[in-house]
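S.K.: Let me give you the structure first, and then I'll get to my questions.
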Amino acid sequence: MTIKVLEPDIVAKIAAGEVIERPVSVVKELVENSLDAGATQITIDVQAGGVEQIKVSDNGTGIPVSELEIAFHRYATSKINDLSDLEKITSLGFRGEALPSIAAVTEVEIITRTSSEVVSSYLRLRKGEIIERESRARPQGTTVTVHHLFRFLPARLKFLKSVNTENSHIAHLVSQYALAFPEVKFNLILDKRLSLRTTGDGELREVIGEIYGLEIAQNVLKVEQVDGLTKINGLTSPPSLSRSSRNYLSFFVNRRWVRSPLLTRATEEAYHGLLMDGQHPISVINIFVPSRELDVNIHPAKAQIKFCQDQEIFNRIHKAIKEALARSPIASSKSVPFSLSSEQWQSPRLIMDNEPAFVIAQLPTIELPVLRILGQLSNTYIVAEGPDGLYLIDQHAAHERILYDRILAQWAQKEVEVQGLLHPITMELSPREEETLRASKEFLFEFGFTIEPFGNRSYVIRAIPALMAKSNIIEIITALLDKLASKDSPNPWEEKIAQSLACHGTIRAGQQLSNKEMLELIKQLEQTKQPRTCPHGRPTMIHLSSHQLEKQFGRIN
Ligand code: ADP
Ligand code: MG
């Protein structure tokens, strides 16, 4: 092929692909434009996951008639003038790419009025061409409506997941902006249903209440630190409240929502030793740094940033959160139940020989030998002897494997044991959790859950799988919804559900087991399909062969 410069409409399509990955990216660009325009009220109205329609209305400055058409030109922006401005960006947008990119692949309507104009101006564009232009009535502000996103990019439509999945991304995004801008009143409407409404009264705690519920809002601790030009503030959970995913960590740098492994690590390390393995804090952290210490211009979506002084920022966040935690009354008393006390160490439980010595395998096993239990170590591992050396079995991982196999087997045979709750439990979901629940309601039902809407993002749990732990049901369901929403695991949904239920229903590390219980556990482990790994693929046991022992003791070379 000869080298040639691409036609403008192809260039526009390619560019659109960069900015508009999916409906949620369009919502992001439009909401950012509204915020940049100083809006104090933003309404986002989405239909069919945004594929059919996305409408964002604000009461911001509006666009003057004379500039409206230019706004749809590539690299047209009112936010920066020259290179020096790029170093001191305070707005969320600045590339001038969003409106033209969106317009290039869809049909867009815009109606806008500034405070100095009497009537508002209206434009309708299709594939970047203006097809209608007139004056209409509207109070000050702007409404942009995007119709049939991807109609002209059918390839992308194919990759889109279900309406509910798209809704859940949008709910999560709008929740983040609501957290970043407590002074702005947000309304999110998904398929004519009010999903989120914030009051815009400027209180972060209130917004947290709207999104994560009252319990969290009442208990989060204040984070506050000013150090020269860098300011950190926000709210973070006490060690007694945590979640099994990182979805509840939000960071805003100069009010821009960012995903940053650095900030995540700094926060999580401040909780070191305070949370159980696999648990994560709930934090909303605002960081203000002089914009010259920051590079936001790494990627068109601007979700990534680079700090000039990484280590410095890390230390400050870490310190600010530590200080907040130190002020929490519970922080010092609660720690992970892993330590081995000296009495436990001396207890005769470690070697027990008074019960039936050998466990006879009942099913042909995948290389699980006959084991003789010697005792329990650290209330965490079962110590056993096999024909060839020593076995250390992780009681938690082993039990997880057993439950996982059983849950999946019951489901596959359509014989899930269900337990009705005598006293149904009510739980409040975040906008994102609600969307995930709506998307997975049937699956959850197949696994034994009956969860019914109770209005206003409240849900009633009437039945649960009989195999599920009966304590902290709400926590387990929250973790389950997180797992279902997670993108990092490509597993089919039934495996996700079984994994999540198994993980939370199990014997924890730190629980003392009787000899009988240990025998039973090993017997059941033998009957699973893969006794040597837990559902996450970690080993359930460690084997030290007689040969290895002899080598370690220098009996052989
Ligand atoms: P950018 O936000 O990077 O400047 P956009 O393509 O998103 O680029 O928008 C182009 C311009 O249109 C903006 O710079 C702004 O002047 C104007 N604009 C877009 N949306 C709004 C809005 N909701 N209210 C006021 N002005 C807007
Ligand atoms: Mg913009």
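Everything in the sequence shown is counted per the working numbering, starting at 34 for the first residue and increasing by one.
Cβ atoms here follow ideal geometry from the backbone N, Cα and C, with glycine treated the same way.
None of these values were measured; they are calculated from a predicted model.
For Glu461, count the other beta carbons within 10 Å of its own beta carbon; 16 or more makes it buried, fewer makes it exposed. Which is it?
M.R.: It counts as buried.
S.K.: To the nearest angstrom, report how far apart Tyr304 and Lys255 are at their CA atoms.
M.R.: Straight-line Cα distance between these residues: approximately 15 Å.
S.K.: Hey, which residues come within less than 5 Å of the ligand MG, measuring from Cβ to any heavy atom, in chain order?
M.R.: Here the list is Asn66, Gly126, Ala131.
S.K.: Would you mind working out which of Ala531, Ser58, Pro294 sits nearest Lys516, comparing C-alpha positions?
M.R.: Of the listed residues, the one whose Cα sits closest to Lys516 is Ala531.
S.K.: Residues in its own chain within less than 6 Å of Thr483 by CB, not counting five upstream and five downstream?
M.R.: The answer, listed in chain order, is Arg495, Ala496.
S.K.: Name the residue from Pro464, Leu441, Glu450, Val416 whose alpha carbon lies nearest to the alpha carbon of Ile555.
M.R.: When only C-alpha atoms are compared, the closest one is Val416.
S.K.: What did DSSP end up calling Thr198 once you bin it into helix, strand or coil?
M.R.: Here Thr198 sits in helix by DSSP.
S.K.: Entirely within the segment 410-439 and at least 3 residues each: give me those beta strand (DSSP E) ranges in chain order.
M.R.: List check, beta strand (DSSP E) in window: 414-419, 422-427.
S.K.: Rounded to whole angstroms, what's the CA-CA distance from Ile203 to Leu582? Just pull it up for me.
M.R.: If I take the Cα positions, the gap works out to 57 Å.
S.K.: Less than 6 Å between C-beta atoms, sequence neighbours within five positions excluded: which residues of the same chain meet that for Met574?
M.R.: Once the five neighbours on either side are set aside, the close Cβ partners of Met574 are Tyr424, Ile426.
S.K.: Report yes if the C-beta of Glu62 is less than 7 Å from at least one heavy atom of the ligand SAH; otherwise report no.
M.R.: For the ligand SAH, the structure offers nothing, since it holds only the ligand ADP and the ligand MG.
S.K.: What are the uninterrupted segments assigned as beta strand (DSSP E) that are 3 or more residues long and contained completely in the segment 216-296, given in chain order?
M.R.: If we require 3 residues or more, the beta strand (DSSP E) runs fully inside the segment 216-296 come out as 218-223, 226-230, 254-260, 263-269, 282-286, 289-291.
S.K.: Let's see if you can read the secondary structure: which residues bound the beta strand (DSSP E) around Leu577?
M.R.: Taken as a continuous stretch (DSSP letters only), the beta strand (DSSP E) holding Leu577 covers 574-577.
S.K.: Does Ser67 come out as helix, strand or coil in the three-state DSSP assignment?
M.R.: Of the three classes helix, strand and coil, the one that applies to Ser67 here is helix, per DSSP.
S.K.: Shortest alpha-carbon distance to Thr413 belongs to which of Ala430, Pro402, Asp421?
M.R.: Per the Cα distances, Ala430.
S.K.: Specify the secondary structure class of Gln74 as computed by DSSP and reduced to three states.
M.R.: Three-state result, Gln74: strand.
S.K.: Taking just the CA atoms, how far does His576 sit from Val403?
M.R.: Going from the Cα of Val403 to the Cα of His576 covers about 13 Å.
S.K.: Do you know how far the Cα of Glu326 is from the Cα of Ile320?
M.R.: Distance between the alpha carbons of Ile320 and Glu326 is about 12 Å.
S.K.: Residues bridged to Glu460 by DSSP?
M.R.: Per the sequence presented here, residue 460 reads as Met, with Glu not at that position. DSSP output for Met460 lists Tyr492 as bridge partner(s).
S.K.: Can you tell me which of the three DSSP states Thr561 falls into?
M.R.: Note: Thr561 maps to coil in three-state DSSP.
S.K.: Thinking Arg349 and Ile265 are a contact (beta carbons under 8 Å), I'd like their distance in whole angstroms, please.
M.R.: At roughly 6 Å, the Cβ-Cβ gap stays under 8 Å, so Arg349 and Ile265 are in contact.
S.K.: Near Asn590, what residues of its chain come up, given a Cβ to Cβ distance below 7 Å and the 5 sequence neighbours on each side ignored?
M.R.: Excluding sequence neighbours, Asn590 sits near nothing in its chain.
S.K.: Should Thr110 be counted as a contact of the ligand ADP given a C-beta to heavy atom distance under 7 Å?
M.R.: Yes.
S.K.: With DSSP as the reference, please indicate the residues paired to Gly174 in a beta bridge.
M.R.: The partner list for Gly174 (beta bridge, DSSP) reads Arg146.
S.K.: Considering only residues of the same chain and omitting the five flanking positions on each side of Lys367, which have a CB-CB separation below 6 Å?
M.R.: Confidence at Lys367 is low in this model, with a pLDDT of 36, below 50, so the placement of that residue is unreliable and no value is reported for it.
S.K.: At what residues does the alpha helix (DSSP H) containing Arg325 begin and finish?
M.R.: Note, Arg325: premise wrong, no alpha helix (DSSP H); not H, not E.
S.K.: If you measure from the CB of Asp224, is any heavy atom of the ligand ADP nearer than 7 Å?
M.R.: Because no heavy atom of the ligand ADP lies under 7 Å away, the Cβ of Asp224 does not count as near it: no.
S.K.: For Thr511, report the span of its alpha helix (DSSP H) as first-last.
M.R.: Where Thr511 is concerned, the enclosing alpha helix (DSSP H) stretches over 506-518.
S.K.: With distances taken from CA atoms, which of Ile53, Ile338, Leu436 is nearest Ala136?
M.R.: Of the listed residues, the one whose Cα sits closest to Ala136 is Ile53.
S.K.: Please report how far the alpha carbon of Thr231 lies from the alpha carbon of His537, in whole angstroms.
M.R.: Near 33 Å, if we compare the C-alpha coordinates of His537 and Thr231.
S.K.: In the DSSP assignment, find the alpha helix (DSSP H) that holds Gln532 and state where it starts and stops.
M.R.: Residues 526-538.
S.K.: CA-CA distance, Glu376 and Pro294?
M.R.: Model confidence at Glu376 stands at a pLDDT of 30, short of 50, so the residue's coordinates are unreliable and nothing is read from them.
S.K.: In whole angstroms, give me the CA-to-CA distance for Ala499 and Leu514.
M.R.: Their Cα atoms are separated by approximately 19 Å.
S.K.: Helix, strand or coil, according to DSSP, for Ile589 in the structure here?
M.R.: Correct three-state label for Ile589: coil.
S.K.: Under 8 Å by Cβ, that's how I've got Ser533 and Ser208 pegged, so tell me the actual separation to the nearest angstrom.
M.R.: Not really, about 22 Å apart at Cβ, beyond 8 Å.
S.K.: With a threshold of 6 Å on Cβ separation, who are the neighbours of Val240 within its own chain once the five nearest residues in sequence on each side are excluded?
M.R.: Once the five neighbours on either side are set aside, the close Cβ partners of Val240 are Ala211, Leu212, Pro215, Thr231.
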